[in-house]
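A.B. asks:
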Amino acid sequence: MPQLIPATINSGLPLAGVLFLATFVLLFGSFLLFLASKLGTRKYDPVKYQSYECGIPAQEKKDTKISVKFYLTAILFIVFDIEIIFMYPWARTFKEFIDSGNGLYILASMGFFLFVFIFGLFWEVKSKALEWD
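One point on numbering: in numbering that gives the first Met the number 0, the residue at position 1 of the sequence shown is 0, and numbering is uninterrupted.
1) So, using beta-carbon positions, are K68 and W122 closer together than 8 Å?
2) When the Cα atoms are used, what is the spatial distance from I81 to L129?
3) Put T40 into one of helix, strand or coil per three-state DSSP.
4) Is the Cβ-Cβ distance between F96 and I105 less than 8 Å?
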C-alpha cells in the first residue's frame, strides 16, 4: 500500500505528524470559532463595557494622560537589559573562539558592542532622559 504522506524529509525529521497536527488545529479551531459565532448570543450589555476597579465605580475621566517618562523609563530599561543579556552567551563561548583562532575578532566585535552600549548610556545621562523634574 503506497504512503500518501511521506513520513520523513531528506534530513530524517518526521513531518507527517507535524502536518497532521497543524491541519487538525487549524480546522478544529476554525470550526469552534464558527460554532461560537452562530450559537453565541449578541446581547448588548452596557455594564460589560464599563471599567471595573475592585467593585468601586470609576471616578476618574477616561482620558487620563500618563506621563511619557514612565514609557521612556520602561523602554530604556528593556533596551539596556537586552544589551546586557547579549553579553552572557558571548562570555560563555569566548574560550571556544580563542581555541578556534577567532578570539581577537570576537573580542573586537564585543569591544565595539560595548562602545555603543557605553555611548548610549552616557547619552542617556547627558540628555537627562531619566530626570523627573
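Beta carbons: idealized from backbone N, C-alpha and C, even for Gly.
C.D. replies: In short, the structure shows the following:
1) no
2) 18 Å
3) coil
4) Yes. Within cutoff.
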